[in-house]
Each structure stands twice: as C-alpha cells, then as structure tokens.
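Okay, so here's the structure we're looking at.
Chains as they are written, first to last, in the working numbering: chain R, 1 to 415; chain F, 1 to 233.
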C-alpha cells in the first residue's frame, strides 16, 4: 500500500498560499503544463472565457501547474495576467522534481484537494483546440450531477489518434468493459470527490511515468464505478511542447503504463464481461475524410524490416502461433497489405503478457512493438481508404471485438 | 642360501608394507578429502540453485537477454543451473588440489596454495567478463531496436558490431585482471580497437556508400514521415 498524497507533500508553502488566494471555489480549472509556453495562454484564455460565460454565476478559479524545466510557461501566463480583468482569478504554481506530465496533473489534483471544489477540469496546456464552450461542456455534467467523470470525444480523420483507436481504446473496452473513446484526450471533467480520491490513491513510481496518470485517471474511474460520460469537443489539436517524442517513446509512455496498470486492476478485468459504450452528451463526433497525404508504403516497409531484423526480440515476446500468423504478412506488398484485427489483438496481448512476465527489459519490449503497430496502422488506413469515412466506426468496432475475443486467453495466461 | 633368500624376501615385504603404511593414510586422506569435497560441492550446488531460484535469477536473466545468449551459445540450461554447476566444479577442483597436497609429493607441494592465491583474480575476471557479456547483450538489443525503428537496413550489423566491441573490451579487461601477458593484451586491444575504428571509417567513406546512403535516406525518410498527416495519440 502507498501512502496517500497530500497537497502539502507536492506544493511548497508559497504555492499553498497562492492557491489559497483563489478562495473557496465551486469550479476549478487546472491547466497542466510541461514546457508549453507557446500555447498555455491560449488555453488559459479559453478556460477563462468558459468560466466567464454560462458558468459566470459560479465561483471559479484557474490554476496553471507547470511541471517542466522551463520558466517561460509561467512567465507567459504572468504577462497575460497583467493586462486582464481579475475575474475569474488565475494563479500559477510550479511543481518541483523531475519534469513530467503526470506530475503536473498530480499538482492540479493536489490543488483540487486543497480547495475542495464541486467540479474541476484538468486541461493540457497544449490543447489549443479547447474552446470556452468546450470547457463548459466538460464541467456542466458534473455540476448537474449527471456524471463523476467527463471525457472528451473528438471529430477526427482515420489517420488521427491511431494509437488510441487501434490499441488503447479497444484494449480498454475489452478489459474494462467501457468503450472510452479517448484515454488521452488532453482534458477531463471530474467531481471534486473523484479527483481527491485519485490523488489519495495515486501511487508513486511507475504509474507516474509518461502518460501514466492520465490513463490511471480513466481506468480508476471505470474500476471504481464512477458515472462516466463523454462530450463532443470538436477536433483535437494538441501541441506537445518543446520536444515532441518519437513514435517508439510515445508507445513506451502510453502502452507501458497501460500494461503496468493491468497488474493493478487484474481482479477487475479478469472478471468482466462484454463491453458497453460510454453515454455521450451532445452530437456524436464525426469521422472526416482524409485531407493530407499518408505514405502507407513506409509503414509497411517498417513492419517488414521489423519482421526481418527484430525477430530475435519478437520471439521472446510473441507465442509461436502468433509469429506464424505474422510471417505471411511480410510477403504482402503495400497495395495488398493486411494485418487482420484478430492478429493484432493477439500480438498486443502477447506483448502485455511478456511485459507482465518481464521477459525483456521493459523499454526494449515496448519499443519493439513499434514496427508491428505501424503495420497495423497501415492495414487500418488502407481499409479505411477503401471505403467512405462512414465505414470507419464499423472497422474500429471489429477491432474492439477482436480484442474482446482474445480476452479469455489473456486472462488464462496471466499468472 | 635359503636363509639369505628368505631374509631378502622378508626385508622386501617389510619394506613394501612400511612404504604402504607410510602412504596409505595419505591415500586415505586424499580419498576422504575428495569424497568430502564432492559431497560439499553437491550440497552447495543444490543450495546455490535453490537460493538463485528464490531470487528469481532465471527470470531476471531472461529479461537481460542472458538466457537467450546462453541458448545461442549451445548451453540449454537455466542460469541458476549453470551457476550451480560452476559452484560444484569450483569446490571439487579445490578439493582435488587439497587432496593432491595431502600426498605430500615434492612436485605438488605449494600447488594448492598457489592456485588458491590465484582464485580471487579468476573470480574477478569472470565477473568482469559476465558483466561485459550482459552489457553487450543489453546494448546490442537496444541498438538493434532503435536502428530498426529508425528504418536503418543494416541494423543487425550495427548491433553485432556494438556487441563485439563491448565483448572485446570486457575480454581485454578480464585478461588484464588475470595478469596474462598484460602488455600484449593492452597492445593487441589498442591495435584491434584502433584498427576497427579506422576500418569502419575507411569502409564507411570508401566502400560503404550503400550504408551511408541508407543512413542518409533513413534520416530523410524520417523527415518525410513527419510530413505525414498522421497523429498517434
């Protein structure tokens, strides 16, 4: 068991005084930054606009939490604050320690615990697509008592968020029984109670690497039986900050925490049944046609190169029968390339088991998934391009069902 | 004549018995040392295997790539069993040396002490080699995965080069620890390492146009990839 985290553990006395200056609030918006000076003002402006609009009759505040190494983020907000009206109040704090997105979220949760609002919104400082209306949609269901946890749903093209649509979301649906569209949506609305509980149970160490806390937040809401809804927030544009990570690092920072949390929530997912969709408030998000160029041949080439050169590594992670399914795919050209959802689900769950059994150094294992993921994305996009955008939800539903079909085998192998 | 003959026989027999009486205890002591050494080795081996299994060594070695390397080297046993065998043969070897010492033969006097004095160096050299081996496997795997993800076509070659560089370095360090032809090892290592670097530079510059093109293309392709309208999260 880990010790519950108190606000005082994360925030310095100066920060606590600044936070207390916001006074008692009914709504708190935590803007979580990681070296995102370029975009933070735009996001804070949208949040302030949201609180000043339909929510103007509620007492609210905004806290900008920076957990990066650059001072520019807080300087940018400070500069913006100098020339604006004092309502709603905005304060800035900086979390000491190693830079990390999860630490920024943890800092925002600590402020929520301190101020005890009825509802809070956690927003990534790079989520430039957030609008004032969007912020209102995030917190309103919590204020109305309709939900404890509100997640975003985005209008997107097939090529957007492929790690989410082809891996994280179907795995989440299959294992935890709720088809959440965005595990890493860049924002969330929470009741103060849920936020405080999450802070209280947040473990140190591995859960806080990469996007660990964001994933933990979503999974914890499911496992604890919180009422979850989704709201449509239009299109998603997220600026990652100074140094956007490469694909292998992104996979390590997202899939890695997801796999690790499978250990924590094993009792829950091994018992669960079929998945159900999360209620959506408002219009359903649309699937847009592709506008940009996608080079499927490069992704297929990456897959084939992996099949040729990474076989000694894959042999340690994948079962023989899974590898036997993958060999024939190496003979296909980009024009005819397929990576069936069933094969992909087996592959992903084999990696989950290998990670659980620690057959390889964790980072090596997760990075070795990259060519396989690119192969799956190539096959998915080829299938999506062959039809109209309206067909894409059906394709993704098939992916979800493939993961659900593999779940029993996964539970049997998980020791 | 008859008395003389019998006297000679009796003297010879007495001489043999006296010699046997002199050597027999030593032979017995030798046999006892071997038996006790063998029994100790067997018990310690079982204990060592048990302890290393309790410490989850086999799973850890699998994670570090050591089990796969052992398998590639034709050793089909688990690391805990390999260490158990090493422990067994080390103890038995020391017991054999001690038993030879028990014979008190002029040629073997001080042999055991000399070998035992050398043992710490041998153990340290073995440790250096083992750490080098682990590091070589770890680094080679990391380089292989990174190179494949960067779509470098000759990734296994680069990973293999990294593995051998680390292994050569570890081997040189182990031999230096053993004090075997220290100057020669240093000189050989210097020449081999410097030569490898020079050969790589020449091969890359003169003969490795393909490799250079691959690397440049991979960098260029990366730039192109970034231009894809693809977001993963």
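For every residue, glycine included, the Cβ atom is placed at its ideal position computed from N, Cα and C.
Just so you know, these numbers come straight off a predicted model, no measurement behind them.
Query - Collapsed DSSP secondary structure at residue 222 of chain R in the structure displayed - result: helix
Query raised in the report: Is the CB of residue 40 of chain F under 8 Å away from at least one CB in chain R?
Result: Residue 40 of chain F does not count as touching chain R.
Query raised in the report: Would you say residue 162 of chain R reaches chain F, if we count a Cβ-Cβ gap shorter than 8 Å as a contact?
Result: yes
Report task. Would you mind sorting residue 205 of chain R into buried or exposed? The rule is 16 or more other CB atoms within 10 Å of its CB. Result -> Confidence in residue 205 of chain R is poor, its pLDDT being 49 and thus under 50, which makes the residue's placement too unreliable to answer from.
Query raised in the report: residue 364 of chain R touches chain F at which residues, Cβ-Cβ below 7 Å?
Result: What residue 364 of chain R touches in chain F: 141, 142 and 145.
Query - Of the residues R:369, R:341 and R:406, the one placed nearest residue 249 of chain R, counting alpha carbons only - result: R:369
Query raised in the report: What is the rounded straight-line gap between the Cα of residue 268 of chain R and the Cα of residue 278 of chain R?
Result: Rounded to whole angstroms, residue 268 of chain R to residue 278 of chain R spans 18 Å at the Cα level.
Query raised in the report: Between the C-alpha atoms of residue 124 of chain F and residue 362 of chain R, what's the straight-line distance to the nearest angstrom?
Result: 29 Å
Report task. At 7 Å on the CB atoms, spell out the chain F contacts of residue 329 of chain R, in chain order. Result -> In chain order: nothing, as chain F lies at least about 16 Å away.
**Report entry** C-beta contact flag for residue 339 of chain R and residue 329 of chain R at 8 Å
**Finding:** yes
Query raised in the report: What is the DSSP secondary structure of residue 50 of chain F, counted as helix, strand or coil?
Result: Helix.
Query raised in the report: Exposed or buried, residue 67 of chain R, counting other C-beta atoms within 10 Å across all chains shown (16 or more means buried)?
Result: buried
Query raised in the report: Do you know how far the Cα of residue 382 of chain R is from the Cα of residue 143 of chain R?
Result: Using only the alpha carbons, I get a separation of about 43 Å.
Query raised in the report: How big is the Cα-Cα spacing for residue 37 of chain R and residue 64 of chain R?
Result: 11 Å
Report task. Kindly say whether residue 248 of chain R, judged by its beta-carbon, lies nearer than 8 Å to any beta-carbon of chain F. Result -> yes
Query raised in the report: Are the beta-carbon atoms of residue 228 of chain R and residue 120 of chain R separated by less than 8 Å?
Result: no
Query raised in the report: Quick one: which chain R residues come within Cβ less than 9 Å of residue 138 of chain F?
Result: 361 and 364
Report task. Would you tell me roughly how many angstroms separate the C-alpha atoms of residue 237 of chain R and residue 61 of chain F, rounded to the nearest one? Result -> 43 Å
Query - Cβ-based contacts, 8 Å cut-off: residues of the stretch 100 to 119 of chain R near chain F - result: none
Report task. In the DSSP assignment, find the beta strand (DSSP E) that holds residue 229 of chain R and state where it starts and stops. Result -> 228 to 235
Report task. Kindly provide the ranges of any alpha helix (DSSP H) runs that are 4 or more residues long and lie completely inside the stretch 155 to 182 of chain F, ordered along the chain. Result -> 155 to 178
Query - Proximal chain R residues relative to residue 90 of chain F, where beta-carbon distance stays under 7 Å - result: Residues of chain R passing the Cβ test: none, with the nearest at roughly 30 Å.
**Report entry** As assigned by DSSP and simplified to three states, the class of residue 321 of chain R
**Finding:** Residue 321 of chain R sits in a helix when the DSSP states are folded into three classes.
Query raised in the report: What residues are listed by DSSP as bridge partners for residue 191 of chain R?
Result: Residue 191 of chain R pairs with R:119.
**Report entry** As assigned by DSSP and simplified to three states, the class of residue 240 of chain R
**Finding:** DSSP places residue 240 of chain R in coil when its eight states are reduced to three.
**Report entry** CA-to-CA distance, residue 371 of chain R to residue 53 of chain F, given in whole angstroms
**Finding:** Their Cα atoms are separated by approximately 35 Å.
Requested in this report: Would you check if the stretch 25 to 34 of chain R and the stretch 92 to 112 of chain R touch, i.e. whether three or more CB-CB distances between them fall below 8 Å?
Outcome: Note that the stretch 92 to 112 of chain R touches the stretch 25 to 34 of chain R; at least 3 beta-carbon pairs, one per stretch, sit closer than 8 Å.
Query raised in the report: Secondary structure at residue 26 of chain F, three-state DSSP: helix, strand or coil?
Result: helix
Query raised in the report: Which of the residues in the stretch 79 to 106 of chain F, read from start to end, lie with their CB under 8 Å from any CB of chain R?
Result: none
**Report entry** Three-state secondary structure assigned by DSSP to residue 127 of chain R
**Finding:** strand
Requested in this report: Could you check which residue in F:67, F:33 and F:142 has the C-alpha nearest to that of residue 161 of chain F?
Outcome: F:142
Query raised in the report: Nearest to residue 213 of chain R by CA position, among R:387, R:183, R:132 and R:223, is which residue?
Result: For residue 213 of chain R, the closest alpha carbon among the candidates R:387, R:183, R:132 and R:223 is that of R:183.
Query raised in the report: Quick one: complete alpha helix (DSSP H) runs, 4+ long, within the stretch 136 to 195 of chain R?
Result: 169 to 176
Query raised in the report: Going by alpha carbons, who is nearest to residue 161 of chain R out of F:199, F:170, F:232 and F:28?
Result: F:232
Requested in this report: Put residue 40 of chain F into one of helix, strand or coil per three-state DSSP.
Outcome: The answer is helix: DSSP assigns residue 40 of chain F an H, G or I state.
Requested in this report: Out of R:378, R:341 and R:367, state which residue places its alpha-carbon closest to the alpha-carbon of residue 395 of chain R.
Outcome: R:341
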